[in-house]
Each structure stands twice: as structure tokens, then as C-alpha cells.
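Participant:
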Amino acid sequence: MAAAAEVPVAVITDDRAIHRRSFRNFAAIICAGGRLGRRPARPGRTVGKDLGMPRPRIVIVGAGFAGYAAARHLLRASRGRAEIVLLNPTDYFLYLPLLPEVATGILEPRRISVPLAATLPGVRVLLGHAGAFDLDARTVEWADPEGNRGVLGYHRLVLAVGSVNKLLPVPGVTEYAHGFRGIPEALYLRDHLTRQIELAEQATDPAERRARCTFVVAGAGYTGTEVAAQGTLFTAALTAHRPLIRDLPRWLILDTADRVLPTLDPRLSHSAAQVLRHRGVRVLTGTAVEQAGPDGVRLTNGEQVPTRTLVWCVGVRPEPLVSGLGLATRDGRLVVDEFLNVPGRPDVFACGDAAAVPDVIHPGSLTGKTAHHAVRQGRLVAGNVAASYGHGQRRAYRHRDLGFVVDLGGWKAAANPFGVALGGVAGKAVSRGYHLLSMPGNRVRVVADWMLDGVLTRQGVQLGLVRGSAVPLAADDRN
Ligand SMILES: Cc1cc2nc3c(=O)[nH]c(=O)nc-3n(C[C@H](O)[C@H](O)[C@H](O)COP(=O)(O)OP(=O)(O)OC[C@H]3O[C@@H](n4cnc5c(N)ncnc54)[C@H](O)[C@@H]3O)c2cc1C
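Heads up: the sequence shown runs through residues 1 to 479, numbered per UniProt numbering.
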């Protein structure tokens with residue numbers, strides 16, 4: 001991003017002066033014995049008001065699992081004594097694990113989009129993208145969705161920018177594959193699947209019909225596995241009243257690993273693979289996409305698969321912004337210590353997918369890129385930021401996996417809560433219960449959609465609001 005002065009746009013927030021003033025004030029607060037979370041010196045007045053000054057400002061960049069949890073817990077810890085600013089490009093927290101249900105017509109997109117302002121009262125939500133950081137001056141340049149730019153000062157910075165689609169140098173993939181990371185991609189996929197079925201029915205060429213009814217998913221991690229498992233049920237519902245193509249939909253999932261869900265408990269892999277095969281999904285392990293084109297994909301086993309659909313779920317890489325910070329990275333993630341603090345920068349913290357958090361349970365490795373870790377790291381970072389102001393003790397990050405849930409659609413799921421492998425209806429109950437408990441809002445709406453899906457047929461209409469060109473696979477490299 002160019003510096004604010006280089007572009008002829010309005011500066012929406014120039015907080016540098018405020019920042020300098022409030023930082024001096026913050027030092028005064030500390031000298032005066034004021035601490036985050038402590039009762040103010042005089043009853044009924046905040047420390048900031050006591051001194052007639054702005055409060056210390058904690059800026060959190062990214063309102064995903066880690067950033068949302070950090071904001072929520074900082075709000076509690078600070079009890080109004082700090083200004084908590086949450087900078088995010090959308091006005092909602094996205095509950096990503098239920099994204100496949102949006103793509104396959106079970107949930108409406110707003111169900112998994114939890115509004116930030118309404119659920120985090122007391123947090124100042126800024127709608128925009130962070131660009132350049134000046135870590136010495138403690139400022140963040142940011143731009144709102146209309147391109148207006150501003151500069152935001154901070155006393156503590158929490159980076160929780162997450163990750164983006166992983167790209168591989170495979171010819172044709174950036175042009176013809178679509179990723180699966182957000183609401184636009186899910187809406188695009190739902191429309192695209194519906195359109196392929198509709199166009200297949202009206203096609204006169206049997207080869208074209210077959211190609212339009214063939215759906216390829218690259219990557220058999222939890223995202224790809226859920227997309228393929230739930231996608232088969234969706235396309236079956238779409239073709240139920242179309243006798244000409246009812247038996248045509250074919251799903252294929254491939255991975256270079258030797259099993260689906262390669263990073264999870266092998267028992268989950270086994271039950272997920274069983275469900276996929278039972279639904280007619282072709283599972284190709286030890287295989288990758290060699291080339292993608294407008295009419296099909298070529299696989300590394302030499303097979304040419306005519307298709308108009310390639311869903312790219314091969315994994316994620318940290319948000320590219322991280323590499324531009326001039327700080328140490330490991331596997332593209334920002335290096336932090338076990339307290340989630342950036343070494344040499346006591347005022348900068350990072351957590352979630354974007355941070356290289358040492359896994360103290362498996363020394364030498366990093367914690368996985370999962371929502372489980374991100375949420376817990378967000379909570380911990382809140383405590384450690386508060387501790388940096390003298391409120392409580394900082395703690396090291398330590399979390400042992402308690403299990404994973406993979407929702408396969410219908411009455412099937414694979415789960416291993418506390419190491420107990422569950423499938424079928426029991427797995428499904430655990431999976432849905434877990435998601436409901438984990439969502440910070442919208443629970444009644446989600447349950448309502450689940451109940452409606454239980455009794456009604458899925459709506460086979462495409463609105464065409466998100467075109468393929470609007471969700472290019474490489475869009476994440478914008479910074
Ligand atoms: C489809 C799907 C299904 C998944 N299912 C599961 C599951 O079942 N269980 C599980 O444990 N994990 C699951 N995951 C992984 C999990 O969602 C991630 O590990 C988790 O989201 C990481 O949390 P985070 O806070 O680090 O990043 P995110 O949740 O990705 O949040 C990052 C936030 O930062 C914002 N941001 C990015 N750049 C900037 C910027 N420059 N300025 C301001 N804001 C910025 C983003 O818009 C986003 O809001 C799934 C992921 C996907 C994609």
C-alpha cells in the first residue's frame with residue numbers, strides 16, 4: 001500500500017498526534033499507579049478521566065477467530081480503561097467451519113456472519129484493511145472499503161490477520177480453479193454448482209453434459225472433504241427432479257497424501273473415506289492436479305478429467321501482509337515467543353494462523369492452523385496484553401488438542417471428542433453441538449436453517465451475484 005501522503009484521498013483518521021499525546025499520558029497513568037483492570041484511584045471515575053486524557057489504545061488487526069476472541073477478552077480485562085480498536089475488512093466475524101453449508105444451500109450466508117459491532121459493544125470497530133506498519137512510530141496505515149486512507153496509532157498491537165489460499169505453481173490453476181475461504185467464494189460455488197446442473201440439462205452433447213456434472217475437489221483436508229461430502233448431497237438434490245441428468249453428477253476428490261484428512265486422527269480419515277465412497281465420490285490419493293484448463297483438468301496419474309469445476313482446497317498460507325513487516329518469520333508465519341509476543345517488540349503480539357506459535361506439547365513444531373488454536377491464542381493474548389500493563393501474570397501458550405469434528409452432511413459426521421472416535425448420528429450430534437457452542441452469535445438463526453433444511457428441499461436457484469471473476473484464486477496477494 002502506498003503511503004497516505006502519496007495518494008489524493010481523504011485521510012479518515014490521522015491519529016499520530018493523539019497517539020503521541022496518549023502515549024505520554026499512558027506513561028503518566030503507569031507512573032500514577034494506574035493499571036488496566038484495577039479500580040480507578042477515585043471511585044466512579046476512570047483512570048483516563050482522572051487525568052483528563054485519552055485511554056491507552058490496543059489495536060487488533062483481523063477479526064477472525066483469534067482477533068475476535070482477543071477483543072472480547074480484552075474488553076473484559078480492561079473494563080473500559082483501554083480503548084480497544086478492531087480493524088477488519090468486513091463488519092462481521094466469519095464462522096468458517098460452517099462455510100461448506102453455505103455453499104451447499106443449507107445455511108444462508110448471514111447465519112455464519114456474526115456482526116462485530118453488535119456483539120462487541122465497547123470495542124471500536126474500524127472497517128478496513130491494514131497496509132503499512134511503522135513499528136518504531138507505532139502506527140498502522142489502513143484503508144476503508146472505499147479507498148479512503150488513515151493512520152492509526154497504538155500502544156499495543158495484536159496481529160491476527162489469519163491466512164489465505166495456498167497457491168501452487170500448477171499451470172492453469174489460478175485461471176480456472178476457485179478457492180474456498182470466504183462468503184464470496186461460497187456464494188459463487190453455490191451458484192456455480194446450480195448453473196452447471198441447469199446447463200447440463202439443456203446441453204445436447206452428452207460429453208458436455210457429463211463434464212458439467214463432474215466436480216473436482218483438489219485437497220482432502222477438512223475443507224475439501226466437507227465440500228465433496230456435502231456437495232454430493234447438494235447436486236443430488238438439484239438433479240432429483242431432472243430425470244435426464246439424475247444419475248450424472250460425479251464428484252472426485254484428490255490429494256497427494258495417502259488418505260483423506262491426512263493431518264487428523266486416522267480413524268476420522270477412515271470413517272470420512274467410507275462416507276465419501278458410499279456417496280459415490282471417487283477418492284484419489286497420491287494424486288495431484290498437473291494442469292487445469294477451461295474444459296478439464298489433467299492429473300498426475302495421466303488421467304484427463306473433463307469438468308467445468310475445480311475447487312481448490314489444498315491448504316492455506318499466512319496472510320501476505322506478514323512477510324512485509326520486516327520481522328522474522330517461520331513457514332511464512334510471524335515468529336512469536338510462547339507468550340505470543342514478537343521478540344524484541346514488547347508492544348507487538350500475534351496469534352492465530354498468521355503467527356508461528358511454538359507448540360510446547362510437541363517441541364520444535366508450531367501449533368496447527370486451526371480455529372481451536374486461534375481462539376485459545378486470542379484469549380491468551382488478551383491476558384498477556386493486560387499483563388504487559390501490570391494486570392495479572394503473562395502465561396505461555398499451551399494447548400493439547402481435544403478432538404476435531406468433520407461434518408459430512410446428511411446424518412453423517414466424523415468426530416473424535418477427547419479421543420473417542422464417533423461417526424454417524426452420534427458424530428453429527430457432537431459436530432452440530434460443538435459448532436453451536438463455538439459460535440459467538442446467530443445460534444438461533446443457524447438452528448432455524450438446520451431445521452428448515454431437515455423438512456424442506458434445498459432451493460435450486462442461482463442469483464449470480466458473485467461472478468467467477470470476482471473471486472480469483474490469487475486475489476489474496478493484493479497487499
Ligand atoms: C472452509 C474452512 C473450514 C474450516 N473448518 C475448520 C474446522 O472445522 N475446525 C478448525 O479448527 N478450523 C477450521 N478451519 C481453519 C480455521 O478457520 C482457521 O484456522 C482460523 O480461521 C484461523 O483464525 P485466525 O483468527 O488466525 O484467522 P481468520 O479467522 O482467517 O481471521 C483473519 C481475519 O483477519 C482479517 N484480515 C486479513 N488481512 C487483514 C488486513 N490487512 N487488515 C485487517 N484485517 C485483515 C481477515 O479478513 C479475517 O477477518 C477452517 C477453515 C476454512 C477456510
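Note that beta-carbon positions come from the ideal geometry of N, C-alpha and C, so glycine has one too. If you're wondering where the values come from, they're calculated on a predicted model, not measured in any experiment.
According to DSSP, is Ile245 part of a helix, a strand, or is it coil?
Facilitator: Translated into the one-based positions of the sequence shown, residue 245 becomes position 245. Of the three classes helix, strand and coil, the one that applies to Ile245 here is coil, per DSSP.
Participant: Assign Gly131 to one of three DSSP states: helix, strand, or coil.
Facilitator: Taking the first residue of the sequence shown as position 1, residue 131 is located at position 131. Strand, per DSSP.
Participant: How is Asn384 classed by DSSP in three states: helix, strand or coil?
Facilitator: Here residue 384 corresponds to residue number 384 of the sequence shown, with the count starting at 1. Looking at Asn384 - three-state DSSP - the assignment turns out to be helix.
Participant: Once DSSP output is grouped into helix, strand and coil, what is the label at His278?
Facilitator: Taking the sequence shown and counting its residues from 1, one reaches residue 278 at position 278. Of the three classes helix, strand and coil, the one that applies to His278 here is helix, per DSSP.
Participant: Using the Cβ count rule (16 or more neighbours within 10 Å means buried), how would you classify Ala118?
Facilitator: Within the sequence shown, residue 118 is the residue found at index 118, counting from 1. It is exposed - the Cβ of Ala118 has fewer than 16 other Cβ atoms within 10 Å.
Participant: In this structure, does DSSP put Pro206 in helix, strand or coil?
Facilitator: Walking along the sequence shown from the start, residue 206 turns up at place 206. Pro206 falls in the helix class under three-state DSSP.
Participant: Is His399 a contact residue of ligand 1, with contact defined as CB to any heavy atom under 6 Å?
Facilitator: Here residue 399 corresponds to residue number 399 of the sequence shown, with the count starting at 1. Result no, Cβ not under 6 Å from ligand 1.
Participant: Between residue 506 and ligand 1, is there a pair consisting of the residue's CB and a ligand heavy atom that are separated by less than 6 Å?
Facilitator: Residue 506 cannot be examined here, being either before or after the span of the chain that is shown, 1 to 479.
Participant: Closer than 8 Å is the cut-off here; do at least three beta carbon pairs connect the stretch 212-219 with the stretch 119-137?
Facilitator: With a cut-off of 8 Å, the stretch 119-137 and the stretch 212-219 do not count as touching, because too few Cβ pairs lie within range.
Participant: Please classify Asp453: does DSSP put it in a helix, a strand, or coil?
Facilitator: Within the sequence shown, numbered from 1, the residue matching residue 453 stands at position 453. Helix.
Participant: Is it the case that the stretch 337-349 contacts the stretch 242-249, given that we only count it when at least three CB pairs across the two stretches are under 8 Å?
Facilitator: No, they do not touch.
Participant: If you draw a straight line from the alpha carbon of Ala474 to that of Cys313, how long is it in whole angstroms?
Facilitator: Locating residue 474 in the sequence shown gives position 474, counting from the first residue. Locating residue 313 in the sequence shown gives position 313, counting from the first residue. Each residue's alpha carbon lies about 13 Å from the other.
Participant: Can you tell which of Ile245, Phe339, Ala415 and Pro243 has its C-alpha closest to the C-alpha of His399?
Facilitator: Your numbering for residue 399 matches position 399 in the sequence shown. Closest option to His399, Cα to Cα, is Phe339.
Participant: Can you have a look at Asp449 and say buried or exposed, based on whether 16 or more other CB atoms are within 10 angstroms of its CB?
Facilitator: Stepping through the sequence shown from its first residue, residue 449 is reached at position 449. It is buried - the Cβ of Asp449 has at least 16 other Cβ atoms within 10 Å.
Participant: According to DSSP, is Arg110 part of a helix, a strand, or is it coil?
Facilitator: Counted from its first residue, the sequence shown places residue 110 at position 110. Three-state DSSP puts Arg110 in a helix.
Participant: What's the C-alpha gap between Pro472 and Arg308?
Facilitator: Numbered from 1 along the sequence shown, position 472 holds the residue referred to as residue 472. Numbered from 1 along the sequence shown, position 308 holds the residue referred to as residue 308. Whole-angstrom Cα-Cα distance: 15 Å.
Participant: Is Pro417 close to ligand 1? I mean its beta-carbon at under 6 Å from any heavy atom of the ligand.
Facilitator: Walking along the sequence shown from the start, residue 417 turns up at place 417. The answer is no for Pro417.
Participant: Could you tell me which uninterrupted alpha helix (DSSP H) segments, each at least 4 residues in length, are contained entirely in the stretch 51-101, listed from first to last along the chain?
Facilitator: You should have 65-78.
Participant: Is the beta carbon of Thr225 sitting closer than 7 Å to the one on Val260?
Facilitator: Residue 225 sits at position 225 when you count from the first residue of the sequence shown. Residue 260 sits at position 260 when you count from the first residue of the sequence shown. Yes. Within cutoff.
Participant: On a CA-only basis, which of Gln196, Ser113, Leu107 and Gly392 is nearest Gly454? Give me that one, please.
Facilitator: On the sequence shown, residue 454 is found 454 positions in, with the first residue counted as 1. Cα-wise, what sits closest to Gly454 is Leu107.
Participant: Residues in the same chain with beta-carbon distance under 7 Å from Ser365, minus the five sequence neighbours each way, listed in chain order, please.
Facilitator: On the sequence shown, residue 365 is found 365 positions in, with the first residue counted as 1. So the qualifying residues of the chain are Asp359.
Participant: Got a sec: does ligand 1 put a non-hydrogen atom nearer than 6 Å to the Cβ of Asn88?
Facilitator: In the sequence shown, counting from the first residue as 1, residue 88 sits at position 88. At least one heavy atom of ligand 1 is nearer than 6 Å to the Cβ of Asn88, so yes.
Participant: Return yes when the C-beta of Ala63 is under 6 Å from any heavy atom of ligand 1, and no when it is not.
Facilitator: For this step, residue 63 is matched to residue 63 along the sequence shown. Yes, since a heavy atom of ligand 1 falls inside the 6 Å radius drawn around the Cβ of Ala63.
Participant: Roughly how many whole angstroms lie between the Cα atoms of Asn148 and Pro89?
Facilitator: Residue mapping note: residue 148 aligns to position 148 of the sequence shown, counting from 1. Residue mapping note: residue 89 aligns to position 89 of the sequence shown, counting from 1. If you take the alpha carbons of Asn148 and Pro89, they lie about 13 Å apart.
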